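In my numbering, the protein residues as written are 541 to 1159.
Quick reminder that beta carbons are idealized off the backbone N, C-alpha and C, glycines included.
Just so it is clear, the structure is predicted and the values come from calculations on it, not from any experiment.
Presented below is the structure to which this report refers.
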């Protein structure tokens, strides 16, 4: 062909009537070669619910559920027609001989009679596989955000088909193609294994929808696919999700030197951590869109339907939550637009919110190193980030679940608040138990065993006599006298602050660089391992805190002063061996809790520690 050809055509949508207060027909306005063609798309909308600029029907909490349902049908239809239109444009670029039939083909495509549409397309080389998969996403993926992700999977798959010269048709897709697609992604750009598998499994999901669709009947077998293996252990997969401790939450909530936007972000995050809810459900709580139930014991709970799963969540509003809700009931949010109705704006604001939360946590001093494990392609690697860099809105849900379980709330009761249907997701994803957590649960269960000679827990540090029966346990007051009499400074510092490990690290550090058997001593790995243990210990809930508090209380003033000096020396050792600021501050807060420090000494030792840490950071 010697002449130039420019495909000058467009597709827009207009209403038949724009002013009447009743549903009106929507026309597809198809422009081709300077001429306009109108085609009824077979759907209606109220003129007041039509966004002319965006060319979609509005979805809003201010409308009835029926209106929103009707408008979503309209929008799905429009999205489908736009996809077909793009497909036609691409098709014509390769098949210019069909250009004179363009209008007729578009008219048939817009026609609401699906049978006619598919018949026409079969006569004209059928719809491409990727267009059909896009239609399956539009039809079956209900969440707008998820739908966009799936459409992105389709785009990536189309790029693969083009790169490999594979026909873009359903008949060309099989198990071999899908497994080759996996390798293609791996070789082209080794990414996180989860990201890669999501792309492949997303396409398989859409193929399965096409298999079930009566108009498509793709008949593609997807059962025999061998997926790439995620080589990480269950714990390694969870290592990037770091739940916060109660002490860290208190530090965040009590931190005063924040800008107004940071204050709002902090309050939202704290609410999430105390309620265990996704950020998408906070607007309902702040707007009061929930049912209140007064229980027999006069306590109140609230309940509402969560946005993502449509399951019911039942929550207790803790005092801090009530305080925050009341504050914003009066003032509203002035810096974070979280409670608006536009879903796109909410998602965009969530990204800004996450950045602000990280800023807050950095100011608070949550800057300890976090080691986590990723699989990049087929390689399992360790990565390191600062704690504040890892914190985002969804960590709040992990924090809530982990803290609830640590505090003794059963997983079966936790899911009442999180709206999970069973405990599987809690076990597999959300609950982050340390060895200390698991060990404490085991010991507490073993302590319940009665009447066994072999399976018996030594009760030297237990406040309740194991020989008591259940009735006596209830009636007899708990006494700490026999326990506290056997505690020493060393015992207290070790059980509450891991002093033995700290001293061991200091000892090893003092030997580094000295000759042993003719070789220079190097204990870097050993010291690093001990530091990791100490920092993990600082974030866990140590046992026998009440006993420790009683012991400190019983000491004379002079002995308390000696203990304070021992603790200060231990903190200086922590700085010396390289323990993180966050872990050291956890120890100092714990010392205040058990009465080892009064407010004056607490402030003093924090000042000393901060100065030493600054000096350490300066080399």
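- Nearest in C-alpha terms to residue 754, of all of 676, 1063, 616 and 820, is 676.
- Closest option to residue 1135, judged by alpha-carbon separation, among 1123, 1100 and 1125: 1100.
- With a threshold of 16 other beta carbon atoms within 10 Å, residue 804 meets it and is buried.
- Contact annotation: the stretch 713-732 touches the stretch 748-766, with at least three C-beta pairs closer than 8 Å.
- Residue 734 and residue 930 have their alpha carbons spaced roughly 18 Å apart.
- At the C-beta level, residue 1137 and residue 1148 stay beyond 9 Å of one another.
- Annotation for residue 807: the continuous alpha helix (DSSP H) segment containing it runs 800-815.
- Taken through DSSP and simplified to helix, strand or coil, residue 1157 comes out as helix.
- The closest CA to that of residue 627, considering only 667, 1079 and 1086, is found on 667.
- Here the alpha carbons of residue 684 and residue 913 stand approximately 31 Å from one another.
- Residue 1088 sits away from residue 1150, with the two beta carbons spaced by 9 Å or more.
- Excluding five sequence positions before and after residue 598, the CB atoms of its chain that fall closer than 8 Å to its own CB belong to 589, 590, 591 and 611, given in chain order.
- Short of 7 Å from the beta carbon of residue 771, and not among the five residues preceding or following it, lie these beta carbons of its own chain, in chain order: 915 and 920.
- The Cβ atoms of residue 1029 and residue 945 lie no closer than 9 Å to each other.
- Under the three-state reduction of DSSP output, residue 933 falls in the coil class, being neither helix nor strand.
- Residue 564 and residue 679 have their C-alpha atoms spaced approximately 24 Å apart.
- With fewer than 16 other Cβ atoms inside 10 Å of its own Cβ, residue 870 counts as exposed.
- If you look at residue 763, you'll find it isn't in any beta strand (DSSP E); DSSP assigns it neither H nor E.
- Comparing alpha-carbon positions, the option among 841, 939 and 836 lying closest to residue 828 turns out to be 841.
- Residue state for residue 865 is assigned as helix, using DSSP reduced to three classes.
- DSSP places residue 793 in the uninterrupted alpha helix (DSSP H) bounded by 786-794.
- Following the DSSP letters along the chain, one finds residue 558 in no alpha helix (DSSP H), marked with neither H nor E.
- In terms of CA proximity to residue 711, 751 leads the group 724, 751 and 732.
- Inter-segment contact for the stretch 855-867 and the stretch 831-838 is absent: fewer than three beta-carbon pairs are separated by less than 8 Å.
- Separation of the CB atoms of residue 811 and residue 743 is rounded to 38 Å, and the pair is thereby denied contact status at 8 Å.
- The beta carbons of residue 877 and residue 889 sit about 5 Å from each other, so the pair counts as a contact at 8 Å.
- Counting C-beta atoms within 10 angstroms of its own C-beta, residue 562 has fewer than 16 neighbours from the protein chains shown and is therefore classed as exposed.
- Taking C-beta atoms under 8 Å as the contact rule, residue 739 and residue 726 fail to qualify, at a distance of about 11 Å.
- Annotation: residue 1113 to residue 1095 spans about 24 Å, alpha carbon to alpha carbon.
- Per DSSP, reduced to three states, the secondary structure at residue 693 is helical.
- DSSP places residue 853 within a strand segment (E or B) once states are collapsed to three.
- Per DSSP, reduced to three states, the secondary structure at residue 614 is helical.
- Assignment of residue 877 by DSSP, reduced to helix, strand and coil, places it in the coil class.
- As computed with DSSP, residue 843 is found in a beta bridge with 831 and 854.
- One thing to note: residue 670 has its Cβ no nearer than 9 Å to the Cβ of residue 621.
- In this structure, the straight-line span from the alpha carbon of residue 748 to that of residue 928 is close to 41 Å.
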